[in-house]
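Asks:
Residue numbers (the numbering used here), protein chains in the order written: chain A, 36 to 185; chain B, 502 to 785; chain C, 3 to 110.
So, in C-alpha cells, the structure goes:
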C-alpha cells in the first residue's frame with residue numbers, strides 16, 4: 036500500500052529534498068569509553084563466549100526504555116558462582132549502564148532491567164565468575180526515531 | 502536552537518521517504534491478556550465510523566512494548582496507581598474529607614466512570630473530562646486546591662480511577678447538549694493546521710497502519726489514557742498527547758483543559774466507541 | 003524526593019531451597035544530568051544510584067546504577083529461599099534518601 040505522490044507532498048511539504056543535506060549536519064559521536072570500562076572490570080583478562088547470554092530487542096521502539104536481560108550458565112554454588120555482570124553501551128554519552136552483583140543466594144544468575152540508548156549501538160555484557168574467569172556477549176540494538184515525537 | 506530545527510527537517514524528510522517506500526503494516530493479531538483475562542483490543546466500528554474496524558493503539562506497538570502492558574507489575578504506569586491509592590485516602594482541604602469519605606472504596610465507587618468520559622455536566626454547562634470531575638470534587642466538596650492538569654497527583658488519580666473501568670467498553674453521549682461540542686470536536690479533527698497543514702485525520706484516519714518513518718501509525722484512539730509513554734518516561738494525559746501532535750505539525754497547540762481539547766476529546770472518544778478501557782496503557 | 007514509591011513482587015511461599023523470581027520497580031524520574039531546561043541550563047543529575055536485596059540479612063542481589071537506566075527503574079532477578087524469613091529491599095537516591103521495602107516469605 037503506497038501513498039501517491041500528491042499525498043506524500045501534502046504530508047511532508049516536499050521536505051525530502053532536504054534529506055541529503057541535513058543528514059550531513061549530524062556530528063558523528065566519538066566512541067565512548069566502553070572498552071576502558073570493560074578493561075578495568077576484567078583487568079585485561081580475555082572474556083570467553085557462550086556462558087553469558089544478553090537478550091535485547093533487535094529494534095527498540097523507543098530508546099528511552101529498552102528491556103534487556105542477562106543470564107549466565109553457572110551452578111551458583113558456594114564455590115562456583117557469578118560474582119557480577121557489567122553492562123555497557125558503546126554509543127551513549129556515558130558508556131556505563133549498570134553492574135549486577137550476584138551471590139550464591141541468587142540461585143540463578145539472571146537479571147533484567149530497562150535501559151536508555153541514545154542511538155543505534157552495541158550493548159555489551161561481561162560476567163565475572165568467582166573462579167576469576169570472564170564471559171562476554173553483545174547485541175546491536177537499533178534505536179529508531181519515530182516519525183512523530185509528540 | 503539550530504540543532505532542533507535541523508533535526509525537525511531531517512525528521513520530516515525521513516517521514517516522507519519512509520511513507521513513500523513503506524509496505525502496509527496493519528495492526529497485529531496479538532491478544533492482550535492481563536492476569537488471565539483477555540482485554541479486547543478491537544471492536545466493531547460504530548455506525549458512521551470511517552473505519553472498518555476499531556483497533557486500540559496497543560495493536561500497533563512492538564511485542565516488547567505490548568508485553569509491558571500485559572503484566573501489571575511490569576507496567577511502569579502502576580507506580581502511579583500506588584500513589585493514587587494513597588491520595589484516594591488522603592484527607593485534604595477545609596471540609597476534612599478524602600475521596601474515600603464520599604466515594605468509599607475506589608473499586609466500587611469508581612467502577613465504570615472512565616468508560617463514559619467526557620460527560621455532560623449540567624452544573625458546568627459543558628462536557629467535563631475526568632480531570633474536570635476530580636478537580637470539581639476537590640474544590641467544591643473537599644475545599645482543597647485544584648490539581649494541575651498534568652501534575653503527578655492528577656495523573657495518579659486519573660490512572661487509578663481509569664483502572665477501575667479496565668476492560669469495560671467505552672461509550673460517550675454525543676446527542677442532546679453534547680451534540681454541539683461533538684460537532685466542534687469533529688471540525689477540529691478534520692481541520693488542517695500548522696506549518697505542515699495537517700489534520701488529525703491525515704495520519705490517524707487516512708494512514709493508520711502505515712509506517713511514518715520508524716513509527717507505526719495508530720488510529721489515534723484514547724481508550725488507554727492516561728498512558729505510560731516510553732518517550733515520556735511517565736504517564737501523560739489525553740490533552741498532552743493532543744498538544745504533542747499539534748506541535749509535531751508545527752501548529753500553535755490549544756491548552757490542556759481548553760474547550761477545544763475537551764471538544765476534541767469528546768469527538769475522539771466517540772470514534773473509539775466500544776473499545777475497552779486499558780488505563781494505564783503503555784505506548785512508545 | 004516526594005512521591006517515590008517502591009513496588010516489590012515476591013511469592014508468599016516457596017519450597018525449601020526453591021529459586022524464586024523477584025520483581026521490583028520504583029517510581030523515580032532518573033534525571034540523567036544530560037538534559038537542559040527551557041533556559042538552556044543543565045538539569046542536575048538525580049538518580050537512584052544503587053539497589054540491593056537481602057534475605058535475613060544475607061546479600062542476595064545488588065546493582066550499581068548509572069543514568070542510562072530508564073526512569074522508574076525495574077529489576078527482575080532470582081533468589082534461593084533456604085528458610086522462612088524476610089526479604090529487605092533498599093534503593094539509594096543521589097540526594098541521600100533511602101527507600102526501603104520488606105516482604106516476608108514462608109517455606110512450606
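We put the CB at the ideal spot given by N, CA and C, even for glycine. The structure presented is a predicted model; accordingly, all values stated were derived computationally and were not measured.
Less than 8 Å between CB atoms is the rule here; does residue 565 (chain B) satisfy it with respect to chain A?
Replies: For residue 565 (chain B), the answer is yes, since a Cβ of chain A falls inside 8 Å of its Cβ.
Asks: Does any CB atom of chain C fall closer than 8 Å to the CB of residue 574 (chain B)?
Replies: It does; some Cβ of chain C falls within 8 Å.
Asks: Name the chain A residues whose beta carbon is nearer than 9 Å to that of residue 757 (chain B)?
Replies: Residues of chain A passing the Cβ test: none, with the nearest at roughly 14 Å.
Asks: Leaving out five residues on either side along the sequence, give the residues of the same chain with a beta carbon under 8 Å from the beta carbon of residue 750 (chain B).
Replies: So the qualifying residues of the chain are 694, 695, 696, 697, 698 and 699.
Asks: Give me the DSSP bridge partner(s) of residue 106 (chain C).
Replies: C:88, per the DSSP bridge assignment.
Asks: Pull out every residue of the segment 117-146 of chain A whose Cβ sits closer than 7 Å to any Cβ of chain C, in chain order.
Replies: Going along the segment 117-146 of chain A in chain order, one finds 124, 127, 128, 129, 131, 132, 133, 134, 135, 136, 137, 138, 140, 141, 142, 143, 145 and 146 with a Cβ nearer than 7 Å to chain C.
Asks: Where residue 873 (chain B) and residue 55 (chain C) are concerned, what is the direct C-alpha to C-alpha distance, given to the nearest angstrom?
Replies: Nothing can be reported for residue 873 (chain B), as the shown portion of chain B is limited to 502 through 785.
Asks: Let me confirm a value: residue 716 (chain B) is counted as buried when at least 16 other C-beta atoms fall within 10 Å, else exposed. Which label applies?
Replies: Residue 716 (chain B) comes out buried.
Asks: So for residue 82 (chain C), helix, strand or coil by DSSP?
Replies: Looking at residue 82 (chain C) - three-state DSSP - the assignment turns out to be strand.
Asks: Counting Cβ pairs, one atom from each stretch, are 3 or more of them under 8 Å apart for the segment 97-106 of chain C and the segment 170-178 of chain A?
Replies: Result no; under three Cβ-Cβ pairs closer than 8 Å.
Asks: Using DSSP's beta-bridge definition, name the partner residues of residue 11 (chain C).
Replies: C:25.
Asks: Under a CB-based cut-off of 8 Å, is residue 50 (chain C) close to chain A?
Replies: So no, residue 50 (chain C) is outside the interface.
Asks: Count Cβ pairs between the segment 743-758 of chain B and the segment 586-602 of chain B that sit closer than 8 Å; are there 3 or more?
Replies: With a cut-off of 8 Å, the segment 586-602 of chain B and the segment 743-758 of chain B do not count as touching, because too few Cβ pairs lie within range.
Asks: Compare the C-alpha of residue 30 (chain C) against each of C:13, C:21 and C:52 and name the closest.
Replies: Ranking the options by Cα distance to residue 30 (chain C), first place goes to C:52.
Asks: What's the gap between the Cα of residue 536 (chain B) and the Cα of residue 570 (chain B)?
Replies: Going from the Cα of residue 536 (chain B) to the Cα of residue 570 (chain B) covers about 11 Å.
Asks: What separation, rounded to the nearest whole angstrom, lies between the Cα atoms of residue 72 (chain A) and residue 80 (chain A)?
Replies: Their Cα atoms are separated by approximately 13 Å.
Asks: If you reduce the DSSP assignment to three classes, tell me which class residue 172 (chain A) lands in.
Replies: Residue state, collapsed to three classes: strand.
Asks: Quickly, what does DSSP pair residue 63 (chain C) with across the bridge? List them, please.
Replies: A:137 and C:55.
Asks: Between residue 532 (chain B) and the rest of its own chain, which residues show a CB-CB distance below 8 Å, the 5 nearest in sequence each way excluded?
Replies: Excluding residues within five positions, the ones whose Cβ falls inside 8 Å are 539 and 542.
Asks: Within a Cβ cutoff of 8 Å, which residues of the same chain sit near residue 619 (chain B), ignoring the five residues on either side of it in sequence?
Replies: Correct list, in chain order: 628, 629, 630, 631, 633, 673, 763, 766, 767 and 770.
Asks: Does the Cβ of residue 97 (chain A) have 16 or more other Cβ atoms within 10 Å, making it buried, or fewer, making it exposed?
Replies: Its Cβ being crowded by 16 or more others within 10 Å, residue 97 (chain A) is buried.
Asks: So with Cβ pairs under 8 Å, would you call residue 731 (chain B) a contact of chain A?
Replies: Output row for residue 731 (chain B): interface = yes.
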